[in-house]
Ligand SMILES: NC(=O)c1ccc[n+]([C@@H]2O[C@H](COP(=O)([O-])OP(=O)(O)OC[C@H]3O[C@@H](n4cnc5c(N)ncnc54)[C@H](OP(=O)(O)O)[C@@H]3O)[C@@H](O)[C@H]2O)c1
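Residue numbers (our numbering): 107 to 324.
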């Protein structure tokens, strides 16, 4: 599968690129092509140094990648998402778009600050063409742990989507990351629940002197 990671140069994009590269073709995307190429090359070196040589990771600008991809991962901060998608939306056709986007801000502690639609995922679905299948997932996975590919992520990933086939594809992509367990979280209207867990987990970590918490339902 060809997976474009918009904002793939950032914190959580790195872990997805490294962990999916053995099975999938990865396009590391950026607003700046040179940055994308440099970061893609760094990711390849990281894998080579671990003895993993058989993967395709290419640096790309956001525009070129969308046209080409089966799956587009939205891995950019909430503050940049609306402007970015308003610009890029004519390039989308019927791709699966995975939103990991958490609309939150820091006051005394971190707060969930949803848009009028109720969640980032619903806002993204409203912006993109109706033929695009938005899937909400991975909000509660720590970027730092994801990027350490030797680290076993024994966590759950709640996945919300209105399109069953798209949800199934993202569940399979979740299984491609060792030990992550995908759980069906219902339709996209439930996304606000998993998005709002992220600031809660960060506050919990701060209050209890922990870091990079994930979730496991048992
Ligand atoms: N970090 C985590 O642990 C974590 C966990 C779960 C979910 N998330 C969610 O995943 C998304 C990415 O998080 P992150 O921590 O990886 O973010 P990040 O490192 O701050 O940014 C990721 C990339 O987004 C691009 N970007 C930054 N500002 C932008 C803007 N205004 N418009 C368009 N592109 C912009 C940049 O790429 P270029 O400059 O190369 O274009 C940057 O490298 C967020 O929505 C976050 O809520 C993060």
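Here a beta-carbon is modelled for each residue, glycine too, at the ideal position from N, C-alpha and C.
Please classify residue i as buried or exposed, where buried requires at least 16 neighbouring CB atoms within 10 angstroms.
i           : result
residue 236 : exposed
residue 272 : buried
residue 239 : buried
residue 229 : buried
residue 162 : exposed
residue 250 : exposed
residue 185 : exposed
residue 123 : buried
residue 157 : exposed
residue 226 : buried
Which value, in whole angstroms, describes the spacing of the CA atoms of residue i and residue j?
i           : j           : result
residue 223 : residue 297 : 11 angstroms
residue 317 : residue 165 : 31 angstroms
residue 135 : residue 142 : 6 angstroms
residue 308 : residue 276 : 25 angstroms
residue 111 : residue 133 : 6 angstroms
residue 159 : residue 270 : 34 angstroms
residue 150 : residue 127 : 9 angstroms
residue 252 : residue 200 : 28 angstroms
residue 145 : residue 192 : 25 angstroms
residue 219 : residue 313 : 20 angstroms
residue 204 : residue 180 : 6 angstroms
residue 154 : residue 214 : 42 angstroms
residue 194 : residue 206 : 18 angstroms
Below 8 angstroms CB to CB, which residues in the same chain sit around residue i once its five sequence neighbours on both sides are set aside?
i           : result
residue 197 : 169, 172 and 173
residue 310 : 316 and 319
residue 259 : 247, 251, 252, 283, 284, 285, 286 and 320
residue 139 : 165, 166 and 167
For a test of your reading of the model: does the CB of residue i fall under 7 angstroms from any non-hydrogen atom of ligand 1? Yes or no.
i           : result
residue 118 : yes
residue 231 : no
residue 196 : no
residue 149 : no
residue 136 : yes
residue 207 : yes
residue 320 : no
residue 123 : no
residue 311 : no
residue 162 : no
residue 165 : no
residue 185 : yes
residue 291 : no
residue 113 : yes
residue 304 : yes
residue 190 : yes
residue 175 : no
residue 146 : no
Return the chain-ordered list of same chain residues with a C-beta closer than 7 angstroms to the C-beta of residue i, the five sequence neighbours on each side being excluded.
i           : result
residue 268 : 293 and 294
residue 261 : 247, 286, 320, 321 and 322
residue 217 : 210, 211 and 305
residue 302 : 218
So does residue i have its beta carbon nearer than 7 angstroms to some heavy atom of ligand 3?
i           : result
residue 243 : Because ligand 3 does not appear in the structure shown, any question about it cannot be addressed here, the ligands present being ligand 1.
Leaving aside the five residues before and after residue i along the sequence, list all residues of the same chain whose C-beta is less than 6 angstroms from its C-beta, in chain order.
i           : result
residue 280 : 263, 286 and 288
residue 119 : 111, 113 and 181
residue 130 : 107 and 109
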